[in-house]
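Heads up: the sequence shown is residues 0 to 248, going by numbering that gives the first Met the number 0.
Positions of the beta carbon are idealized from the N, C-alpha and C atoms, including for glycine.
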Amino acid sequence: MALRKLIAGNWKMNGSLGALAELDGIAASAEANPGVDVAICPPFTLIAPAVQRQPGLAIGGQDCHHAVKGAHTGCISGDLLREAGATLAIVGHSERRTDQHETDAEVRAKAEAAIAAGLVAIVCVGETEAERDAGSALAVVEGQLAGSVPPLGTGETLVVAYEPVWAIGTGRTPSVADVAEMHAAIRAKLNGLLGGEGAKVRILYGGSVKPDNARELLAVADVDGALVGGASLTAALFVPIIEGGAAVG
Ligand code: 13P
């Protein structure tokens with residue numbers, strides 16, 4: 000089943016109020032390519048100004064605390080993200096799993112909190128280079144899915160992003176065959192975890208997606224979109240990726 004593609008940008012700790020000008024070209028491309036969904040996840044402080052600048056563009060957060068509110072200095076809740084105008088939240092990005100030591104159970108709790116707040120949760124998984132070299136990439140990712148996918152997730156509320164850690168920000172990507180193998184394994188696992196909804200959950204590929212490789216990666220079976228870091232920071236690089244998705248979508 001071909002799912003509607005989602006091309007999502009993760010600005011990480013980059014951008015500025017001035018950089019929101021890039022959203023104009025991105026929003027124009029989203030409008031010109033209605034066959035794909037487009038979203039940008041900027042830093043928290045830029046969410047409300049981003050929504051104000053381009054109300055038609057989906058804007059997301061890069062994390063979501065598992066609690067509804069309380070004494071959690073420096074954290075952000077799903078309700079606060081919603082109030083700022085976000086409609087999605089990335090959870091369990093490998094940078095947070097590493098820097099903030101987030102566990103699968105925490106990631107699942109965050110995804111559940113995001114969904115409870117009315118957000119679409121983008122749950123990230125992916126192996127390290129050592130794990131791939133050891134031949135355990137599939138097992139690692141299946142384990143992360145078992146631990147971090149919310150059991151009540153649906154095609155409407157949940158997106159999974161496969162981001163091999165060694166491909167993030169390195170200019171390296173897995174081969175098309177490796178992406179196909181991993182996405183098929185993720186689909187099978189989601190079918191097992193979510194029953195009939197498993198077939199409806201979009202599986203994004205992330206890690207050094209650029210204008211020159213986007214189309215090839217997005218054409219792979221069970222690649223239902225992309226999660227883009229560096230190349231989402233400018234319309235000049237992100238728009239060709241949106242167009243690549245639309246061409247193969
Ligand atoms: P790059 O596209 O910069 O490799 O980052 C990928 C990523 O981590 C998106 O979440």
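Residue i: CB within 7 Å of a non-hydrogen atom of the ligand 13P
i   : result
H64 : no
Chain-order list of residues whose beta-carbon lies under 8 Å from that of residue i (same chain, five-residue window excluded)
i    : result
L232 : G8, W10, N13, G14, A18, E21
Nonlocal neighbours in the same chain, by C-beta distance under 6 Å from residue i, ignoring five residues either side
i    : result
G244 : K4, I6, V35, L217
A112 : C63, H65, G77
A213 : I240, G243
Same chain, Cβ closer than 7 Å to residue i, five either side skipped, listed in chain order
i   : result
G24 : A234, V238
N32 : I241, E242, A245
Assumed close pair residue i, residue j - CB separation to whole angstroms, cut-off 8 Å
i    : j    : result
A29  : I240 : Actually they do not touch by this definition, with Cβ atoms about 12 Å apart.
A230 : V208 : 6 Å
G152 : V200 : 7 Å
P173 : P163 : 6 Å
G206 : A166 : 3 Å
Item to check | Residue list, Cβ distance to the ligand 13P heavy atoms smaller than 6 Å | outcome: N9, H92, E162, I167, G168, G205, G206, S207, V208, L226, V227, G228, G229, A230
Checklist entry - Are there three or more Cβ pairs, one per stretch, closer than 8 Å when the region 92 to 100 is compared with the region 132 to 141? => result no
Next on the checklist: I want to know whether the region 83 to 91 touches the region 41 to 57 - three or more CB-CB distances under 8 Å.
Outcome noted: yes
Next on the checklist: For the region 111 to 124 against the region 155 to 166, do three or more pairs of beta-carbon atoms, one drawn from each stretch, fall closer than 8 Å, so that the two count as touching?
Outcome noted: yes
Checklist entry - Three or more C-beta pairs closer than 8 Å, one from the region 99 to 116 and one from the region 68 to 75: is that the case here? => result no
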